[in-house]
Structure formats: structure tokens, C-alpha cells
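**Q** Just so it is clear: in the sequence shown, position 715 is 884 by the numbering used here, and no numbers are missing.
Every residue, glycine too, gets a C-beta built ideally from N, C-alpha and C.
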Amino acid sequence: MRILLLHCVALFASLATTAHAEDGGIKFRVHTIKADSTYSASAVFDVNRDGKLDIVSGGWWYEAPKWKRHFLREVEEIRGRFDGYSNLPIDVNGDGWLDLVSANYRSSKLYWIEHPGKKLGPWTTHEVAKPGPMETARLVDVDGDGRLDVLPNGVRFAAWWEIGEKNGKWTRHELPTEVAGHGIGFGDINGDGRGDIVSVNGWLEAPVDRRRERWRWHPEFQLHRDGSVPMLVFDVDSDGDNDIVWSAAHHTGLHWLEQVTPKAESQIPAREWRFHTIDTSWSQAHSLLLGDLNNDGKPEVIAGKRYMGHDGRDPGEYNPMIVAAYSFQPKSKTFRRDIISNGWKAGFGLDPKLVDLDGDGDLDLIGPGRSGLYWFENLLKNAGSVATAEKSTKLPTYDDHAKLLHYHSNGNQTQPVKTPADWAHRRQHILAHMQMVMGHLPDPSLRVPLDVKVLEEVTTEKYVRQKVTFASEPGDRVPAYLLIPRNLKAQAPAMLCLHQTTGIGKGEPAGLGGRPTLHYAHELANRGYVCIVPDYPSFGDYQYDFAQWRKSYISGSMKAIWNNLRAVDLLESLREVDKARIGCIGHSLGGHNSLFTSVFDLRIRAVVTSCGFTAFHHYYGGKLKGWTSNRYMPRINDLYGNDPDRVPFDFYEIIAALAPRGVFVNAPLEDSNFDVGGVRKVIAEASKVYELVGTKENLRAVYPDSKHDFPDAVRKDAYDWLDQQLK
């Protein structure tokens, strides 16, 4: 089936190549074109007709091969941003020279920039329309006439523009407004040979006459409200129908929607869409590309982190930049991730490009953005230089985990933490140190389809309780309860609810036994939250042999973290759930696992931890044996001798690593497991980080006069706090 891309790959290179990488890997070298460039869009074409591909970004073009910079135009700056959200190369006026088209958010303008011709002087800007804010735009053949059209992602309007072949006349064609919003894609959904338009809430079916006839709206799915531009439409699993790949552009996660179409033998009466998660280890992937990076004839999904899209207000904006390629694995229906760049300032802005820039037979990447302009050189055809592209850095150590407002740079040089960007360095070290003890967080290759099985369903007064199992990875299924409120009129917030150390596992939070003070999933479902309650490995119905899985997981803690991430995947797959309003709650075992999980999952916006931690030196006087069974973290004993001075992380850092997200702590005065004095010290130090990032009010601790419990008044306080955070 024909693949329809939302970027102009056809101008530069073909997906139909035959050479193969020797090891199947994908290796790149990053070149800095202009480190202080802050333009968000780019284009690649031969500007001066010397036979070499040049780079255009914002007010300048860069001449190959030395990348000499030449003035192009003055770009209007609006509230600190340049008004150039796309650089789409197309010959608008038919003079044989490629011009540029730009669709913009802050000015609300659609305009084109005229190539000056042989003289190569300043380019001229021509306003086409001012239709309203646009995230950006892409070139696609909307009407199937063989010429590219302009499809903007209008926030509050929906239309496409046709450019006259001979006279350069712009004609606006209206679309149903259901497709307006954040996120747009183009491709043939129903197999009729016509390009349809995809949004986060459904798709528009193209009529025979795309200019004059009405497009039909199909509200068949409800994805993240901040979808990527573009959303990719192609046949991911090679089953003969096109699927959809998108990212949460201002949040966390790369996902795909599998289209399952009716077939004679399938018993499927109508089209189905199955939600799958690809990767949630990083955030802010605003723009996606699709292309064959290793010349194996199969396209990779390419995603890059956007730098400071909302000036630090979105999850993970200060975290390190990353660009990665994802290859579909048919047998497991998962994706293999290849890191193209990690830790540099290099990423993707709003309009990256995919092109064989150096003409060596493989596809390179151009990444513009507020952190600079970069060329990612594909080393498929230049494998001899791969080693020079790889650098290793030794992980720094910290002697006092309570001292949070400093970090160690390369060479273990101590630097003060004065800004949220400084804190991001320390936070990355915290995650790395946690993984030294717990083991590495699994990569996307384990993210198999959830394959949810409903074993039992019970209707209560206010919610439906389903007993389910879901696949967390190949060969393992997690038992859980799913509580869905009845009579929802809109998408609801959701909670991951983690149980304490108890034989009935998930049954206690679900209200089916145990202590009434720990029935928090039941109580939250009654308040309108969708809740999932998974069993911790070896509790409840979850038979789990830690020794058998030791090669895969060196700690039960990391296995539980992974299962919990997959439980959040399940929540995101539900139409009833608002994907931007997910929290986590737990008591005791569930209390610290709610923290561990949330550190590794930015999708969790608020955390309630009850009787879940104290500083390691305050845990039974620094005797850490209780943390060291196979269920938890055996390396604390095996590598660090149960010595809190040697363990490479502590709860000061874990709480601080959650900033700026909301954390509610229940720490009873008489808790015999987790000394309240240590909790107070943790909160005092972590609050300094919360103050640094400007959300001191998001860290709240209460100290009730009770034992190791979650008292009624505190639970009500916690639920009211969750309502403020998530409703």
C-alpha cells in the first residue's frame, strides 16, 4: 500500500533502496551548523544551483559544503519567538526556483517567501492569509492532482490551500472543523486510494472531489489532545491497511494506533483501532519523520525532543535532548529503539528534514530548534568513522545525598544548582544511580501489545470493577483490577493504585478485603477516577519466580516499576481516561513504589505516598536488610553491604526528582517502619528543589498522630488534593 508522508521526502530521496547495514544498527554523527540558532524550521535544497544541497533555517541559508551563512530575510519576532514555524520548499510562482511556505502560530499568518533568483539577494515575503493560529504545516497532495498542497495544523480552523500551477494563485478549501486542534496527519485510512486527514479525535474521509464535496468525519478514536505534527499514516505491521503513529507533542510518549479492518475470516464486523505504546522514557516529541535509515526497505519512525517549547512548563522540558529511530519488529509487535543522539543540545524543532544531505546514499537528518541547528550524519555508508562518533562519560558519585543543590559535571567538577536546567543534570544522575541498584529500565523492545483479558466483571453502585490480566512483556501477564466509574459524561482522571505488603494484593485497594483504611482505589472510583490496581510480583494472583527472571531483572523493584508503566499504558488506552490527568497512590510497599514508578514515568502528574519511605540512615537506624530480598533490591546487600553510606541514592533525591510534579506525603508520627524524623529531613531538603523550580506548593507532607496507617481524615485530605491536581 502506498505510503503518504507529511514531509517532502519525495523531493530528495526514495525509500526504495537495497543496501543493508552490516549489523542492522543505526549510527549517526552530529554536526553543529549554528549552535546559537533559535529558528524552529528548516529546509534542504540547492539554493544557488551549484549542484549541492544547502540548508535553510529562518533568516539564513547555509551554503554547502562549508556551511557558509548567507542572509535570507528578516524574520519577525513575536513575544520572544521567531515567526517561522515551517520552511516548506515549493515553487510557488512557477519561475523554476524553490520558494518557501511558512504557517505560524503567534502571527496567525500563512505566507510564502520568494526566492530572489540568480542574484541571491534578500528574499521577499508575501502574506497569503491570516486564518488563525497554526502549529505548523506540511506539504501533501490533498486533491490527488500530482501537485503538493499546503495543509496547516489550524488550532481553531480547518482548511487546506491549493497553489495554482501556472499563476501561483492561492485557493483556500474549507474542511470540517472537527479536525482542528493540535496534531494532524495525512494518508489513506480506508484503502480507497485517496488521502484522508487524521486528527487526535478521529479522521476525515476524503470525497472523490476533494475541492468541492464534503469530507466525512469519523470520530473513531480519542488520542492525546496535543498530537504531533505530523501524525504519521503508514502500514506499520504490513497487514495491508494503514495505521497511525503519533507522539504527545507537549507531554510524554510515542504511540501507534493499529487499524484492524474487517476480513472474511476475522469475525470483525467493523474497523477497530488498537492503542499501543512505543516509548515513554522521554517527552516533547513535537515533530516526527518517516524514512528508511538503514536501507533495508522498511521505514523507521524518527522522533526528536523539542527544546523549551513552552519555556519549561511542560513535563521533562529541562531533561536532556534526544533523537531516536524506532523500527517495528513483526514477531513481537514491538519497536527496537536506536539512539541517534542523546545528551547533546541537538533535537527537533517544528520542521526537521530527512534528506541525503551529503549524497552518500543514506538519509541524514536536519534538526532546527531553539537549541541550535544541527546535521545528523548517517554513518551507514561511512561506518569506518563510527567509533569517533561515540563518547562515554563516567557517572559521577555523590557522598551526601541530602545535599541536592549541586551537581558534578564531566571530570567530577562540582557545579551549583541555580536553575531548573542545572537541576536536570543532577536529576539524570539520580535516575542513573537508581538503576545501578535496581537494574536498567527496560527498553521499548519489551512493550508487547497489552492483550487485555477480562476474567470477571461486577457492577457496583458507582463503578464497574473488572478483574483483568495484561501482558507486561513477552511471557508474563499481570493480574489487576480495573475500576471504571459509571455514567461518565467526559473523559475522567485516572489513578494507578499500588497495594501494601498483603497476601490479597490488589484486592485490598479495590475494597475486597484487608484494612478499610486502605481501600483507596474503591474510594477514588466512587469519586469519579478510573483506577487500575495491579498485583505486585508474588502477591495476590501474581505467581512470580524472582530467581527464574533474575537474568531479566536484578531487582523486584524494577520489575514492579515496569509492570506499573504498562498499567499506565493500559489506562492511556481507555477512551474513558483523560491521558493528561493520571496520578498514582500507594501505601507502604505501594508508597515507595508509587515514588519509584513516578520518577521513571513522566505521565504521572501527581503522587500520593503513604507510609512509604524515610531516609536510609533513619530506616531502623541504617540497617537496610528489609530492602534486600529478591522482591525488592538485593544489590543493596550484594554490592553495597547494607550500608546507607554506600548506596548510590536516597529518598532525598527521589522526592526531589519528582519536582515540579505534585507529591502528597502521609508520614504518621508513630510509624514503626519509616521513621518520621527521616521523612521530615527528606521533605526539608527536597522542598529546596521544589522552590527552585517554582512549585514549592506542590510538595505537601502531613504528620498525623497514628501508626503505620492511612487515617480517614488524611485520605480525605489526599483525595481533595488530588482533585486540585488532576480535576
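Report the rounded CA-to-CA distance for Asn733 versus Leu665, giving the unit in angstroms.
**A** 8 angstroms
**Q** Which residues does DSSP pair with Met400 in a beta bridge?
**A** Gly354
**Q** Can Pro565 and His598 be called in contact, C-beta distance under 8 angstroms?
**A** yes
**Q** By alpha-carbon positions, which one of Trp544, Val623, Lys728 and Gly791 ends up nearest to Ser206?
**A** Trp544
**Q** Between the C-alpha atoms of Val699 and Leu657, what's the straight-line distance to the nearest angstrom?
**A** 10 angstroms
**Q** List the endpoints of the continuous beta strand (DSSP E) containing Asp520.
**A** From DSSP, Asp520 is part of no beta strand (DSSP E); its letter is neither H nor E.
**Q** In the DSSP output, which residue or residues are listed as bridge partners for Ala663?
**A** Val699 and Ile751
**Q** Rounded to a whole number of angstroms, what is the C-alpha to C-alpha distance between Ala558 and Gly360?
**A** Its pLDDT being 43, under 50, Ala558 is placed unreliably by the model, and nothing is read from it.
**Q** Could you check where the beta strand (DSSP E) with His787 kicks off and where it finishes?
**A** That residue, His787, is in no beta strand (DSSP E); it is neither H nor E in DSSP.
**Q** Please name the residue in Thr305, Asp886 and Lys876 whose C-alpha comes closest to that of Ala870.
**A** Asp886
**Q** Among the residues of its own chain, which have a CB less than 6 angstroms from the CB of Arg440, if the five just before and after it don't count?
**A** Thr430
**Q** Let me make sure I understand the geometry here. Which of Ser614, Gly512 and Ala418 has the alpha-carbon closest to that of His445?
**A** Ser614
**Q** Is Asn579 helix, strand or coil when you go by DSSP?
**A** Helix, per DSSP.
**Q** To which residues of the same chain is Ser255 closer than 6 angstroms at the C-beta, ignoring the five residues directly before and after it?
**A** Once the five neighbours on either side are set aside, the close Cβ partners of Ser255 are Ala210, Ser271, Ala272, Thr305, Ala306 and Asp520.
**Q** Pick from Leu458, Lys675, Arg443 and Ser779: whose alpha carbon is nearest that of Leu739?
**A** Arg443
**Q** Within 10 angstroms of its Cβ, does Ser407 collect 16 or more other Cβ (buried), or is it exposed?
**A** With fewer than 16 Cβ atoms within 10 Å of its Cβ, Ser407 is classed as exposed.
**Q** Less than 8 angstroms between the beta carbons of Ala661 and Asp770, yes or no?
**A** no
**Q** With three or more beta-carbon pairs closer than 8 angstroms as the criterion, would you say the region 385-396 touches the region 417-427?
**A** A contact exists between the region 385-396 and the region 417-427.
**Q** Nearest-angstrom Cα distance between Gly354 and Trp281?
**A** 22 angstroms
**Q** Mark Leu523 as exposed unless 16 or more other C-beta atoms lie within 10 angstroms of its C-beta, in which case mark it buried.
**A** When all chains shown are included, Leu523 counts as buried.
**Q** By Cβ distance, which residues of its chain are closer than 6 angstroms to Ser578, with the 5 residues on each side in sequence left out?
**A** Excluding residues within five positions, the ones whose Cβ falls inside 6 angstroms are Gln584.
**Q** Determine contact between the region 742-757 and the region 806-817, defined as no fewer than three beta-carbon pairs at a distance below 8 angstroms.
**A** Result no; under three Cβ-Cβ pairs closer than 8 angstroms.
**Q** Compare the C-alpha of Asp448 against each of His342, Leu401, Phe504 and Ile247 and name the closest.
**A** Phe504
**Q** DSSP has Ser779 in a bridge; who is on the other side?
**A** His756 and Asn835
**Q** State the DSSP-derived secondary structure class of Gly846, mapped to helix, strand or coil.
**A** Three-state result, Gly846: helix.
**Q** When the Cα atoms are used, what is the spatial distance from Arg363 to Ile413?
**A** 16 angstroms
**Q** By alpha-carbon positions, which one of Val261, Glu546 and Ile805 ends up nearest to Leu462?
**A** For Leu462, the closest C-alpha among the options Val261, Glu546 and Ile805 is that of Glu546.
**Q** According to DSSP, is Lys920 helix, strand or coil?
**A** Missing from the structure shown is residue 920; the chain here goes from 170 to 896 and no further.
**Q** Please state the DSSP three-state secondary structure of Tyr821.
**A** helix
**Q** One question on the structure: do Leu687 and His756 come within less than 8 angstroms of each other, judged by their Cβ atoms?
**A** yes
**Q** Kindly list the residues whose CB is nearer than 6 angstroms to the CB of Leu758, restricted to its own chain and excluding five residues on each side of it in sequence; keep chain order.
**A** Excluding five sequence positions before and after Leu758, the CB atoms of its chain that fall closer than 6 angstroms to its own CB belong to Gln669 and Thr670, given in chain order.
**Q** What residues in its chain sit with their C-beta under 7 angstroms from that of Trp292, if we drop five residues either side in the sequence?
**A** Leu241, Arg242, Ile282, Glu283, His284 and Pro285
**Q** Which residue comes first and which comes last in the beta strand (DSSP E) that contains His455?
**A** Looking at the DSSP string, His455 is not in any beta strand (DSSP E), and its letter there is neither H nor E.
**Q** Between which two residues does the beta strand (DSSP E) harbouring Met303 extend?
**A** For Met303, the enclosing beta strand (DSSP E) has its first and last residue at Met303 to Val309.
**Q** So what's Arg475 in DSSP terms, helix, strand or just coil?
**A** coil
**Q** Using a Cβ distance threshold of 8 angstroms, determine whether the region 468-476 contacts the region 491-507, with at least three qualifying pairs required.
**A** yes
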